[in-house]
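Quick notes on the structure that follows.
Numbering (the numbering used here), first residue to last: 11 to 866.
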């Protein structure tokens, strides 16, 4: 995927790590450069941005080389390939406008245009966060300390015994003009002072404003405020002169100018007024303490200077925020850690390592925690905070057959007996003869100590004192032996393997397996038992038992319980037979499905049960459709599930208000259906003989060159002579019926079909005295590609006869109603090559020479 793919289709920029620079065309690289320059990014910033977004270093190096090559006017060797990729992309894009890659970057990372160094400077992101604004709020009560000036709007309300409203704007001389009063000088005065002057002037026309009991009152407030021009100089992102509302603070001006740049100070921002230093602003007061107030409001012609940073240090490691911090001479290492948000939980707090420049070389110092208040950072320092060790100083663990295994604190003198007690003792299945203590030695190698838990807990042996990181494992008796189970298969509802239990009998296992199926026999149940310590060649001990439907077992070992790994086999009753269906289709008096009554029932019996043939039947065209070994019939479980589903549907349909017995029956049917489906799934996963033969035939076809894939059909057409069967029932032509057989008896057929290599494949009306060639002539004759000697006829009953030859003369098969003539195609033969002709000529020449020599 290329970078342009990401841009065009708006995919996530997290995929930039998959960018392949070699797949980018020069036009795409040039477009990328132009878009970066339009966003104010230089070449290095673009490469830094790509690296930060996950582009591999090798691809960043390739991108840098491509950019340099384009600037120098060169063209890489892979230009042709990349141009082809670019052309394909342009076809995909069509005439649509490409989304801006940098717009997508801005949405995913608000600080995408900052370099890694700028992102590390504490406070730098403050003025580049577009979701944050320092614009002053104008919806506030008029501040009494606000100094009015030219351009401010004063709203004066006189109310009480006299009422009057004035809307006045201060002129450039700092005066307002009140009708019938005259000009009043208010410029440079606070709101409180200006209100006093205005009241004094209005007393001349409103006498009620003065006196001990005035009846007229005055209110002065600001309307529209003026703007002030402030010059921003020094180490700023966008220095210049800015016009701001007169309510603006130094933060508003700094935000408008983009804040200090990479070299600018955040702690010594100077405000000059009338060539005098008014105050210094420390942005850290806002970043650390949230102090947004300022001692001064900006006035017209104020100058804000951002000097270069005086002292900047870096702190790395597990602190809340790593980065570059500006320090004052009076601030110590504790203040720096406070700027970094304090230590994180992973920090090693007892000591810091500082790398300091001495003027001629670098020096490393260790600062202990006790010296933090008296250690003062210097410009260029790098402080590294270490991490705590990934190990435990007092951990021990116990696992295995305990009530509460886990991790515990190691106390002084703690032993194995104490550890087992903390785990609330052993479980009943604990193997107490031997446990294992895993101990980590001083050189971090593993030592394994055998432990006799029973002896230690009983006080027969001396307790073992534990050490840090010891792990005690007490196994279960079941961990040390094979898991016991028993199996049952055959005619039960849920065959499979079940957990072995002491004193379990065959009846218990049959009960677990859901009981017998209807087809199960109650006699000669076999139990196959594993043989131990027998070298005579005996593979299994076979136990024969009888059990009735009430689960009562009889036999010589009827009361003997099962042993682990016994396999109980329930046989099918020899007298159980599920109904087998056949079908008669077509021209019989009673077509439809019929159940096979006897194992030797034949086609003649089926026709007789169907009422015989009706007057329209064409017995010569009768066909028997029979399933072969590849047919996938429904299993007994599938048949049972389908039948039970119908039973449940009939319960719901027959009952308006279902009784309690209906609900119980429905729930029971649901459970049986689920069991049948799980059983049929297991049967489906096991390959039977038919599956194996089918796969073998298909593999053989693929292996033979020119054969191709063989299509396996699960049913076959068997040609029968129904007339002969009905004339001689139980004769050699009368086949025994099998489940799924379909006897198809068509109506009398009157057409013959021609297919294959004839000029006009069609069907023609059957004529009694017409032969093979007559029907070929009706189809326009043979084509040039026809293989006449291989033509054959498929008769209506499924029989096939091929063309025979006698002394190079074709003897074609006879034609009957409903027959289909097939003319195959000649195989294509490759023309003999020049080498073949030369070889043939050489052989003939040699043969002629030999004959001539023999004659002579």
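For every residue, glycine included, the Cβ atom is placed at its ideal position computed from N, Cα and C. These figures come from a predicted structure and were not determined experimentally.
Integer Cβ distance of residue i from residue j, believed to fall under 8 Å
| i | j | result |
| --- | --- | --- |
| residue 804 | residue 830 | 5 Å |
| residue 448 | residue 406 | Incorrect: roughly 11 Å between the Cβ atoms, too far for contact. |
| residue 184 | residue 196 | 6 Å |
| residue 374 | residue 425 | Going by Cβ atoms, the distance from residue 374 to residue 425 rounds to 45 Å, so no, they are not a contact pair. |
| residue 553 | residue 563 | At roughly 11 Å, the Cβ-Cβ gap does not stay under 8 Å, so residue 553 and residue 563 are not in contact. |
Contact set for residue i: own chain, Cβ-Cβ below 6 Å, skip 5 residues either direction
| i | result |
| --- | --- |
| residue 497 | 507, 577 |
| residue 791 | 769 |
| residue 285 | none |
| residue 603 | 591, 593 |
| residue 847 | none |
| residue 611 | 747 |
Per-residue burial, residue i [other beta carbons within 10 Å of its own, 16 or more giving buried]
| i | result |
| --- | --- |
| residue 38 | buried |
| residue 8 | Here the chain has residues from 11 to 866 only, and residue 8 is not among them. |
| residue 337 | buried |
| residue 6 | Absent from the model: residue 6. The displayed extent of the chain is 11 to 866, so no value can be given. |
| residue 527 | buried |
| residue 208 | buried |
| residue 605 | exposed |
| residue 247 | buried |
| residue 822 | buried |
| residue 812 | exposed |
| residue 842 | exposed |
| residue 91 | Here residue 91 scores only 44 on pLDDT, less than 50, and its place in the model should not be relied on; the value that follows carries that caveat. Classification of residue 91: exposed, given that the 10 Å Cβ count is below 16. |
| residue 29 | buried |
| residue 636 | buried |
| residue 127 | exposed |
| residue 819 | exposed |
| residue 794 | exposed |
| residue 557 | buried |
Residues bridged to residue i (per DSSP)
| i | result |
| --- | --- |
| residue 796 | 835 |
| residue 367 | 372 |
| residue 322 | 336 |
| residue 776 | DSSP output for residue 776 lists no bridge partner at all. |
| residue 243 | 315 |
| residue 451 | In DSSP, residue 451 forms no bridge with anything. |
| residue 745 | Answer is none; residue 745 lacks a bridge partner. |
| residue 595 | 754 |
| residue 4 | Here the chain covers residues 11 to 866 and nothing more, so residue 4 does not appear. |
| residue 879 | Here the chain comprises residues numbered 11 to 866, so residue 879 is not present and cannot be evaluated. |
| residue 168 | 174, 228 |
| residue 486 | 440 |
| residue 556 | 564 |
| residue 841 | Answer is none; residue 841 lacks a bridge partner. |
| residue 125 | Per DSSP, none; premise fails for residue 125. |
| residue 195 | 185 |
| residue 580 | 500 |
| residue 250 | 242 |
| residue 737 | For residue 737, which the question treats as bridged, DSSP gives no partner whatsoever. |
| residue 393 | 325, 364 |
| residue 623 | 598 |
Proximal residues to residue i (C-beta, below 7 Å), its chain only, five neighbours per side dropped
| i | result |
| --- | --- |
| residue 860 | none |
| residue 600 | 620, 621 |
| residue 236 | 159, 160, 161, 162, 256 |
| residue 529 | 501, 582, 583, 586 |
| residue 316 | 244, 245, 246, 270, 274, 275, 279 |
| residue 488 | 439 |
| residue 855 | none |
8 Å CB neighbourhood of residue i in its chain, flanking five on each side removed
| i | result |
| --- | --- |
| residue 471 | 462, 465 |
| residue 251 | 239, 240, 241, 242 |
| residue 70 | 57, 60, 61 |
| residue 495 | 507, 508, 509, 510, 574, 575 |
| residue 417 | 405, 406, 407 |
Problem set entry | Contact the stretch 599-615 vs the stretch 574-586: 3+ CB pairs below 8 Å | Between the stretch 599-615 and the stretch 574-586 there are fewer than three inter-stretch CB-CB distances shorter than 8 Å, so the stretches are not counted as touching.
Exercise. Is it true that the stretch 271-282 meets the stretch 340-357, where meeting means three or more beta-carbon pairs spaced less than 8 Å apart?
Worked result: Verdict: no, contact absent.
Exercise. Touching or not, the stretch 428-448 and the stretch 390-403, by the rule of three or more beta carbon pairs under 8 Å?
Worked result: By the criterion of at least three beta-carbon pairs nearer than 8 Å, the stretch 428-448 is not in contact with the stretch 390-403.
Exercise. For the 8 Å Cβ check, are there 3 or more pairs between the stretch 832-845 and the stretch 759-779?
Worked result: Judged by Cβ distances under 8 Å, the stretch 832-845 makes contact with the stretch 759-779, as three or more pairs qualify.
Problem set entry | At least 3 beta-carbon pairs within less than 8 Å: the stretch 213-232 vs the stretch 170-187 | Contact holds between the stretch 213-232 and the stretch 170-187, because three or more Cβ pairs, one in each stretch, are under 8 Å apart.
For this session: Check whether the stretch 322-329 touches the stretch 384-394, taking contact to mean three or more Cβ pairs, one atom from each stretch, closer than 8 Å.
Result: Segments in contact, yes.
Exercise. Is the stretch 626-641 in contact with the stretch 773-792, if contact means three or more CB pairs nearer than 8 Å?
Worked result: Using a C-beta cut-off of 8 Å, the stretch 626-641 makes no contact with the stretch 773-792, since fewer than three inter-stretch Cβ pairs fall below that distance.
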